[in-house]
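Be aware that the sequence shown starts at 222, since it is given in the working numbering, and climbs by one per residue.
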Amino acid sequence: MKVDKKNGSVCFNEENHTYWNENDNDKYVSVTTLIERFTQPFDKNFWSAYKALEKLIPADNWKIEKKVLLNVKKFNKEILDIYDISENMFNKTQQDILDEWEQTNRESCERGTLIHSKLEHSVYNMGDNVILKKFGIGGQFICDKDRTNLDLINGVYPEYLISRTSADGILRLAGQIDLLVKNGNEIIIVDYKGLPLDTPILSTNGWTSIKEIKEGDTIFDKDGNSTKVLHKSKVHFNPCYKITFDNGETIVADHEHRWLINFRRPNKGYKERVMTTEELADWLNKKPRTSYNIPKILNAKPLNLPDKNLPIDPYVLGCWLGDGSKSCGVITNIDSNLWDEISSRGYTYGHDLSDETHAEMRTIFGIRKQLNSMGLIGHKFIPDMYLTASYQQRLDLLRGFMDTDGYYHTSRKRFVMGTTQEWQAKDLVKLVSTLGIKATIFEVDKKCNGKVFKGWDVCFSTNGLNPFLVRNQDIEYPKTDKNSFRNIVSVQRVDTEATQCLEVDSPSHTFLFGHSLIVTHNTNKEIKQHSGFDSKTKSTAKMKYPLNNLEDCNFIHYTLQLSTYAWMIQKLNPEFIIKDLILVHFDHQGNQNIYHLDYLKKDVEKMLRWHKHQVIREK
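The structure is reproduced here in structure tokens:
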């Protein structure tokens, strides 16, 4: 078996999470595995049925049914008939939940191994004199992990392998302390991620950046709903990658940033999973490029926002942005239907000022003042207030654009807006993205009067939506959207830069960033200091005997884990004093939460005596 880590004669294999002694090749029981034996079993059949019913039963009815289910902790199929749910539909929903749980658990284990490894390397990179202020520990320490006797006066030992074998050889225990500090034996668990400070992000007040966003600001989640920023992390300097999408947009994220990824399955639709940036890079490097191995991110739904009192009708503004003079309120266009539409929206316009017969140049009365107030005279762009207006208002703005500068490409089956203005291409992508549509920019050569100009084509397809209002009403175009997903083309390592992340109150744990509103994920394993309520005992759930005095939650599990390490350290050297056990939880938003844990020495000794007794019985 491959030796991934070693300290003295203790060896460890990461893939199988196995410890053994190279002298006698006998295995150790890991501390985490031992503690799991005293936790209450998880009834996955009941809880997967519970979660499936939660998805299938109407919300108002579910409020009543869930109370019954939680009280009896038993699933009865008769409930399917009550709500006219087919057994096939129920079974499929339940299996999808079980598959998701399995995948999440596997990814969590893999991610945990990666995080520990990164922590180890980050500590080593600090050099001989390690300062641990960012972990809540002061002073300077010497870094070394391969001293089995912990003989440094002030030493830190990242990913320290520790073992204990009883005198009779029956009790064989091993584990890894993420970070052991000799001066007090402080133990730390770390988890972290982030996004670059200049990453663009759309709030309800317009475009800003990760750096400028504040707690309490409102941004958007994958369902297009507004969501408040609850927390903002500290700045981190972690390994970074550039992610390139099939629409040409690039985003830089650190190695632990999470993404909500979809993979196509043969005849089974798509399977959703959460992956880190580093996992994505590894996936693309190892997997062949097939339709089933391309990581995809589902497009966000249209932003759900109310109507705004806008200075200029959005359709009229779209027409001006497409065919208007940047110095005044004049629009040049030959389509009489366009002028009729502008008139129907309450605007009057002057006589044709053009000497040419192929177009009409007319002044739209009353809009120059409003254009100037928005800073548009001399400098065209889509104001943020229009990007955060209602769906219909944003659609009207797009239709104004398309009625002036857009067309339908019959061979490519795409809507196209061609322009020689880069601002126009980029702003249209922002606008189209707020409508839940993926747009791609292509750089092209434009010809006019024998001259070649640099230009851009913005291409997109829609789900049966006609982006024109007065033009192209009779064209035949696909009524299905083949571009619901954004394919990830590549993930490449780049120079490290400052990163930061956000925690939002969205039920989906997602938020949107980048100019094309890419969905990103911010869920993280939380520290639960109390267990759930057990309806049978009418009390909080407890661990198994002899630890049935302790609540069955991950906070207690961590406390037992660190207490077991402390007990093993004292067995290594009885003169060592356990001053403190510290759990520093860095969540995926970078928020640092410090927990000072009790040393559960008596509970550890009860657990080990019981374990030893069980080993003897099995033999």
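Positions of the beta carbon are idealized from the N, C-alpha and C atoms, including for glycine. For clarity, every value in this text was computed on a predicted model and none was experimentally measured.
Note on residue 384: 16 or more other CB atoms within 10 angstroms of its CB, so buried under the neighbour-count rule.
For a cut-off of 8 Å, the C-beta gap from residue 677 to residue 665 is around 7 Å, short enough to register as a contact. Residue state for residue 239 is assigned as strand, using DSSP reduced to three classes.
For residue 379, the secondary structure class from DSSP, reduced to helix, strand or coil, is strand.
Ranked by how close their Cα comes to the Cα of residue 486, the residues 280, 694, 516 and 641 have 516 in first place. The beta carbons of residue 481 and residue 742 sit closer together than 7 Å. In this structure, residue 780 keeps its C-beta atom at 7 Å or more from the C-beta atom of residue 252. Per DSSP, reduced to three states, the secondary structure at residue 261 is coil, with no helix or strand assignment.
Residue environment analysis places residue 557 among the exposed positions, since fewer than 16 neighbouring C-beta atoms fall within 10 angstroms of its C-beta.
For the options 318, 307, 308 and 268, the alpha carbon positioned closest to that of residue 294 is the one of 268.
Of the residues 478, 560 and 440, the one whose Cα lies closest to the Cα of residue 521 is 440.
Sixteen is the threshold: when 16 or more other Cβ atoms of the shown chains lie within 10 Å of the Cβ of residue 680, as they do, the residue is buried. Counting the other Cβ atoms within 10 Å of the Cβ of residue 798 gives fewer than 16, which makes it exposed. Cβ contact annotation for residue 386 (same chain, cutoff 6 Å, sequence separation greater than five): 393, in chain order. Judged by DSSP in its simplified three-state form, residue 511 adopts coil rather than helix or strand.
In the structure shown, residue 718 falls within a coil segment according to DSSP collapsed to helix, strand and coil. For residue 791, the three-state secondary structure derived from DSSP is helix. The beta-carbon distance between residue 498 and residue 462, rounded to whole angstroms, is 5 Å. This is short enough to meet the 8 Å contact definition. In its chain, beyond the 5 residues on either side, 603, 608, 615, 618 and 619 have a beta carbon closer than 7 Å to the beta carbon of residue 652. Per the coordinates, the alpha-carbon of residue 227 lies some 24 Å from the alpha-carbon of residue 804. According to the DSSP assignment, residue 732 belongs to the beta strand (DSSP E) that extends over 731–734. Between residue 599 and residue 561, the alpha-carbon positions lie close to 27 Å from each other. DSSP, read as helix, strand or coil, puts residue 692 in coil. Judged by DSSP in its simplified three-state form, residue 535 adopts helix. Between residue 657 and residue 470, the CB-CB gap reaches or exceeds 7 Å.
In terms of CA proximity to residue 723, 479 leads the group 768, 248 and 479. At least 7 Å separates the beta-carbon of residue 527 from that of residue 594. Per the coordinates, the alpha-carbon of residue 774 lies some 49 Å from the alpha-carbon of residue 682.
In this structure residue 222 is exposed. Its beta-carbon is surrounded by fewer than 16 other beta-carbon atoms within 10 angstroms.
Nearest to residue 585 by alpha-carbon distance, out of 571, 592 and 548, is 571. Apart from sequence neighbours up to five positions away, the residues of its chain that approach residue 591 with a beta-carbon distance below 7 Å are 532 and 533, ordered along the chain. Its Cα nearest to that of residue 624, the residue 539 stands out among 670, 648 and 539. Counting C-beta atoms within 10 angstroms of its own C-beta, residue 543 has 16 or more neighbours from the protein chains shown and is therefore classed as buried. CA-to-CA, the gap between residue 519 and residue 311 works out to about 25 Å. Contact between residue 689 and residue 627 holds, since their C-beta atoms are separated by about 7 Å, short of 8 Å. Ranking 770, 793, 802 and 711 by CA distance to the CA of residue 464 puts 711 first.
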